[in-house]
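Peer 1: Residue numbers (this note's numbering): 226 to 313. The C-beta atom is built at its ideal place from N, Cα and C for all residues, glycine as well. Remember, it's a predicted structure, so these values are computed and weren't measured experimentally. This structure is in structure tokens; I'll ask about it shortly.
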């Protein structure tokens, strides 16, 4: 018995019955030029840039206030900047 279980020993555990699962066939061998075989799910990509805490908090507050997501605010900001300075 364990040191902390001085009152009563726990009941024995029931054995778990696991049904055998067929493993899928392994993927075809990787060709010389292919390293990754991931499929793009959408046109969204991750955008990691360091900004001051005040800027990040400002975007979060605007997102809450306008009930939109930060990526939508970034896209709108890009559109406004492109109107002002021209498309890149």
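Spatial neighbours of residue 246 within its chain, please: C-beta separation below 8 Å, excluding the five flanking residues on both sides.
Peer 2: Against the chain shown, residue 246 aligns to sequence position 21. Here the set comprises nothing.
Peer 1: Which of the three DSSP states, helix, strand or coil, is assigned to residue 286?
Peer 2: By 1-based counting over the chain shown, the position of residue 286 is 61. Three-state DSSP puts residue 286 in a helix.
Peer 1: Less than 7 Å separating the beta-carbons of residue 288 and residue 299?
Peer 2: Here the question's residue 288 lines up with position 63 in the chain shown. Here the question's residue 299 lines up with position 74 in the chain shown. No.
Peer 1: To the nearest angstrom, how far is it from the Cα of residue 280 to the Cα of residue 267?
Peer 2: For the purposes of this step, residue 280 is taken as the residue at position 55 of the chain shown. For the purposes of this step, residue 267 is taken as the residue at position 42 of the chain shown. Approximately 27 Å, taken between the alpha carbons.
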